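One structure below.
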Amino acid sequence: KDEEKEQIEKNYQNEIKEYFGNEPIAIFDDSDIAKRYGKKFEDLDDIIDASSEKKEVVKGYHVCEATILVEKEKQPFSVYSKIYSCKSESFVSMNRYTMESIQTVINVLNRKCNMIFDRGYDDNKIIEYVDQSNNYFVIRMNDKRNFLFKGRKKNAYQEAIKRKGKIRMTIWFEEEKYEVSVSHTKVTLPYNKKDYELVIVYGLSEERPLILLTNRSIHSKEDVIKVVRLYFYRWRVEEYFRSKKQEYDFENMRVRSLKAMNCLNLMLMIHMGHLSMLIEDMDKKLLTIKIINRSKSLKNKVLVWFYQVARGIREILSYAKKGIKELEKIEKREKYKQITFRL
Numbered sequence: 001k002d003e004e005k006e007q008i009e010k011n012y013q014n015e016i017k018e019y020f021g022n023e024p025i026a027i028f029d030d031s032d033i034a035k036r037y038g039k040k041f042e043d044l045d046d047i048i049d050a051s052s053e054k055k056e057v058v059k060g061y062h063v064c065e066a067t068i069l070v071e072k073e074k075q076p077f078s079v080y081s082k083i084y085s086c087k088s089e090s091f092v093s094m095n096r097y098t099m100e101s102i103q104t105v106i107n108v109l110n111r112k113c114n115m116i117f118d119r120g121y122d123d124n125k126i127i128e129y130v131d132q133s134n135n136y137f138v139i140r141m142n143d144k145r146n147f148l149f150k151g152r153k154k155n156a157y158q159e160a161i162k163r164k165g166k167i168r169m170t171i172w173f174e175e176e177k178y179e180v181s182v183s184h185t186k187v188t189l190p191y192n193k194k195d196y197e198l199v200i201v202y203g204l205s206e207e208r209p210l211i212l213l214t215n216r217s218i219h220s221k222e223d224v225i226k227v228v229r230l231y232f233y234r235w236r237v238e239e240y241f242r243s244k245k246q247e248y249d250f251e252n253m254r255v256r257s258l259k260a261m262n263c264l265n266l267m268l269m270i271h272m273g274h275l276s277m278l279i280e281d282m283d284k285k286l287l288t289i290k291i292i293n294r295s296k297s298l299k300n301k302v303l304v305w306f307y308q309v310a311r312g313i314r315e316i317l318s319y320a321k322k323g324i325k326e327l328e329k330i331e332k333r334e335k336y337k338q339i340t341f342r343l
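The numbering of the sequence shown is UniProt numbering, which starts it at 1 and goes up by one.
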């Protein structure tokens, strides 16, 4: 039932509130579920399979996700996850799910946070919505985006290639180390005539600089570096998606209706949330240490621990031969004694 599902979600959200710091980091991203050979699933949509090398268009579903990083280990805690199809009768727009995910984060945290978005969220309505909610945002801009530079309308990319980054910094992206240079300037958004900071990162790609827009105030070199580091936490949600697909065979759900898929997705979201609870302060938790040891991982230190914890739990449970019956006292009732006739 929908009421029971909503209550489960609320209970989960109340349970995880204590794991976030004073200025939490919320990351928003879209994923997909590819159903290449599916024909009988409800409202199958056409999606771009992000997992394929050629980014092929296949049958499947869209997934809107909002995660919040835990305070110390910075593992993603999913607080909103919705599987949907643009071909459903109830579908209004993708922005509707995005706004729902933003509002869920606001309701869960109930305090100011940093909201991180990729370039797919470069939308005036999203910028305005987050800005009015009194939260910080860092959004990657599309190269075609225009801003007012000292009152004159110019293309962000064309202005970016004219500049040189004066601030040097080292970042870790997808577990690789990069030496980059960063520049920043104040711009005005033509849509609402508000001033924001444009942060430009050089050195990640030889072809194009990375352009970020933020409503955080920048007064020093440290402020610029903080904006860049906030954005690059974003790749952790990509690892979160990857672990769902690899460790739990997320795309191989054998239920046909979207409602059933979303129920399974909710159960997986709660399970992975409990993994994040195990991982937080992991050095002080003997259970977590033993689980990771059982995973037999080659690396002793990683940035995202979902794979190791999932494999460790699977390895431990592979030795369970009797199931949960041995752990609970289950009442065995005698067969009801009544005269019966054989026919």
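Just so you know, even glycine gets a beta-carbon here, dropped at the ideal spot from N, CA and C.
For clarity, every value in this text was computed on a predicted model and none was experimentally measured.
Among the bridge pairs identified by DSSP, residue 186 is matched with 197. Distance from the Cα of residue 72 is smallest, within the candidate group 57, 281, 65, for 281. Counting the other Cβ atoms within 10 Å of the Cβ of residue 298 gives fewer than 16, which makes it exposed. Excluding residues up to 5 positions away in sequence, 28, 139 lie with their Cβ nearer than 6 Å to the Cβ of residue 117 in the same chain. Taking residue 257 as the centre and dropping the five residues before and after it, the same chain places the C-beta of 42 closer than 6 Å to its C-beta, in chain order. Here residue 135 carries a coil assignment [DSSP, helix/strand/coil]. In the three-state reduction of the DSSP assignment, residue 34 falls in the strand class. Using a C-beta cut-off of 8 Å, the segment 60-75 makes contact with the segment 25-39, since at least three inter-stretch Cβ pairs fall below that distance. Setting aside the 5 residues that flank it on each side, residue 155 is surrounded in the same chain by 146, each with a C-beta closer than 6 Å to its C-beta; the list follows chain order. Boundaries of the alpha helix (DSSP H) around residue 293: 286-294.
The way I'd put it, the segment 186-202 does touch the segment 155-171; three or more beta-carbon pairs between them come closer than 8 Å. Here residue 219 is not bridged, per DSSP, to any residue. For residue 251, the secondary structure class from DSSP, reduced to helix, strand or coil, is helix. In this chain, residue 78 is not harboured by any alpha helix (DSSP H); it is covered by the beta strand (DSSP E) spanning 76-84. Exclusion of the five residues before and after residue 86 leaves 45 as the residues of its chain whose Cβ lies within less than 6 Å of its Cβ. With 16 or more other Cβ atoms inside 10 Å of its own Cβ, residue 75 counts as buried. Within its own chain, the residues whose Cβ lies closer than 7 Å to the Cβ of residue 255, once the five positions on either side in sequence are excluded, are 261, 264, listed in chain order. Taking one beta carbon from each stretch, the segment 270-289 and the segment 77-85 have 3 or more pairs nearer than 8 Å; the two touch. Pairing residue 229 with residue 167, the inter-Cα distance amounts to about 13 Å. Closest in alpha carbon position to residue 132, among 103, 88, 152, 151, is 103.
Around the beta-carbon of residue 31, 16 or more other beta-carbon atoms lie within 10 Å, marking it buried. Assigned with DSSP and collapsed to three states, residue 60 falls in strand. For residue 173, the CB contacts under 8 Å within the same chain, skipping 5 residues up- and downstream, are 204, 232, 235 in chain order.
The Cβ neighbour count for residue 320, taken over all protein chains shown within 10 Å, is under 16; the residue is labelled exposed.
Residue 65 has 29, 81 as its beta-bridge partners, per DSSP.
Taking a C-beta distance under 8 Å as the contact criterion, residue 5 and residue 108 do not qualify as a contact pair. Beyond the five residues adjoining it in sequence on each side, residue 288 comes within less than 6 Å, by CB distance, of 278, 282 in the same chain, given in chain order. In the three-state DSSP reduction, residue 155 falls in the strand class (E or B).
For residue 115, the enclosing beta strand (DSSP E) has its first and last residue at 114-117. Out of 304, 291, 301, the CA that lies nearest to the CA of residue 311 is found in 291.
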